Structures are given as structure tokens and as C-alpha cells.
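Here the structure comes first, spelled out in C-alpha cells, and everything after it is commentary.
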Amino acid sequence: MNKSELIDAISGSSGVGKGDVDSVLKALEEVVTSAVCGGGDKISLSGFLTFERTYRNPRTGRNPQTGETI
3 MNKSELIDAI SGSSGVGKGD VDSVLKALEE VVTSAVCGGG DKISLSGFLT FERTYRNPRT
63 GRNPQTGETI
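Everything in the sequence shown is counted per my numbering, starting at 3 for the first residue and increasing by one.
Below is the structure:
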């Protein structure tokens, strides 16, 4: 499901206009991005989803054509 399909689904099930749903999703994206990426906070909606910034160690890869380590 892409963003426009999500907007259509939410609008259809809630009766809220597509423009309003789009505005809310944009605001949600801004809040989550600034909280998680900017402040390092964790956002958790119990039983639904969690947004959390994680760090991973770099890993080496190989070019499949040459076998060269990347």
C-alpha cells in the first residue's frame, strides 16, 4: 500500500476528507522525524507500532562481478 492508497483507505473508513488525512499524515511524518532523528526519542503506540532510531555496525560487501570488497 502506498501513501495515496493509505489516504484513500483512512478517508473511506473514517469519513474524513482526503485533504485532511493527507495533512495529518504529513504532520505525523514531521513529528516522528524530528523526535526520532533529531532528538533520539522513541515513539511507541502500544500494540500498534514503534519508531526508534537504531545504530548498526558497518559491514563489508562484495562487487558480484569483480569480487572486489566494497
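We put the CB at the ideal spot given by N, CA and C, even for glycine.
Every value quoted in this text rests on a predicted model; they were computed, and no experiment measured them.
Counting every other CB atom within 10 Å of its CB across the protein chains shown gives residue 72 a total below 16, marking it as exposed.
About 7 Å separates the Cβ atoms of residue 52 and residue 44, confirming a contact at the 8 Å cut-off. In chain order, 13 place their CB closer than 8 Å to the CB of residue 19, counting only its own chain and leaving out the 5 sequence neighbours on each side. The C-alpha of residue 25 is placed about 24 Å away from the C-alpha of residue 55. Rounded to whole angstroms, the separation of the alpha carbons of residue 69 and residue 32 is 41 Å.
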